[in-house]
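What follows is a set of notes on a single structure, which appears directly below.
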Amino acid sequence: MKKVIQFILNEQAVCIETDPAGRLLDTIRHILGYKGTKEGCGIGECGACTVIMDGRTVNSCVTLNAQAEGRKVTTIEGLSGDRMADVIKKAYVEEGAVQCGFCTPGMVLSTYVLLKENPKPTQDEVRDGLSGNLCRCTGYTAIIRAVLRAAKELSGKEPEKEGSD
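Note that the numbering used here has the sequence shown beginning at 171, numbered continuously upward.
In structure tokens form, the structure reads like this:
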């Protein structure tokens, strides 16, 4: 049975008739056309489907459409032009934290929420903040460097060069 679901997606009001028990991931990708949100595992383990809901990261592959009712949802596309997101994306590129790119939207969204909540994280806090996102390519070292680089740039400090301790 379909039901009208209303929520805010990327600062735009959405009113859609859909299955309330359907996955938010499918609604975002296949009905609304936002392809930055990926399906990896389909069971909430890999983080490729990460979106921000009311300021917190959620796995959209295990989030029901009904759970989005009245909420504010942001995909990677919704961060376009956001200064903080731009700094994060630039740091990922500069640190070589992007290889195949499949996990990148989810990683960037998790980094965004982490740095909003904790502008000066330690390496351990970065690891913890990204623990819901898996990457099969980079080995995480470059990703952690990218997050720390973005944090420094956002705080007004110049990132340290490799090898300077």
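Beta carbons are placed, not taken as given, at the ideal position from N, Cα and C, and that holds for glycine. If you're wondering where the values come from, they're calculated on a predicted model, not measured in any experiment.
Residue(s) in a DSSP beta bridge with residue i
i	result
residue 179	182 and 243
residue 187	174
residue 349	Since the first and last residues shown for the chain are 171 and 335, residue 349 lies out of range.
residue 226	223
Neighbourhood of residue i by C-beta, 6 Å cutoff - its chain only, sequence neighbours within 5 removed
i	result
residue 269	307 and 308
residue 178	242
residue 281	258 and 317
residue 176	185
Close Cβ partners of residue i (< 7 Å) along its chain, the five nearest in sequence each way excluded
i	result
residue 266	312
residue 252	none
residue 212	231
Per-residue burial, residue i [other beta carbons within 10 Å of its own, 16 or more giving buried]
i	result
residue 277	buried
residue 208	buried
residue 198	buried
residue 299	buried
Chain-order list of residues whose beta-carbon lies under 8 Å from that of residue i (same chain, five-residue window excluded)
i	result
residue 182	none
residue 275	206, 207, 208, 218, 220, 245 and 246
CA-to-CA distance, residue j to residue i, given in whole angstroms
i	j	result
residue 271	residue 258	14 Å
residue 254	residue 325	11 Å
residue 320	residue 314	10 Å
residue 250	residue 226	18 Å
residue 195	residue 285	24 Å
residue 256	residue 323	11 Å
residue 334	residue 327	A caution first: residue 334 carries a pLDDT of 43, below 50, which makes its placement in the model unreliable, though a value can still be read off. Their Cα atoms are separated by approximately 15 Å.
residue 260	residue 223	24 Å
residue 173	residue 283	31 Å
residue 287	residue 248	19 Å
residue 215	residue 229	8 Å
residue 240	residue 200	21 Å
residue 273	residue 171	33 Å
residue 180	residue 232	20 Å
Residue i beta carbon near the ligand ATP (any heavy atom closer than 7 Å)
i	result
residue 242	The ligand ATP is absent from the structure shown, which contains no ligands of any kind.
Check your understanding: Are there three or more Cβ pairs, one per stretch, closer than 8 Å when the segment 179 to 193 is compared with the segment 231 to 238?
Key -> Because the criterion of three Cβ pairs below 8 Å is met, the segment 179 to 193 and the segment 231 to 238 touch.
Review point. Taking three-plus beta-carbon pairs below 8 Å as touching, is the segment 289 to 299 in contact with the segment 204 to 218?
Key: Counting Cβ pairs under 8 Å, fewer than three are found: no touch.
Check your understanding: For the segment 213 to 220 against the segment 257 to 265, are there 3 or more C-beta pairs whose distance is under 8 Å?
Key -> Contact between the segment 213 to 220 and the segment 257 to 265 is not established, with fewer than three Cβ pairs separated by less than 8 Å.
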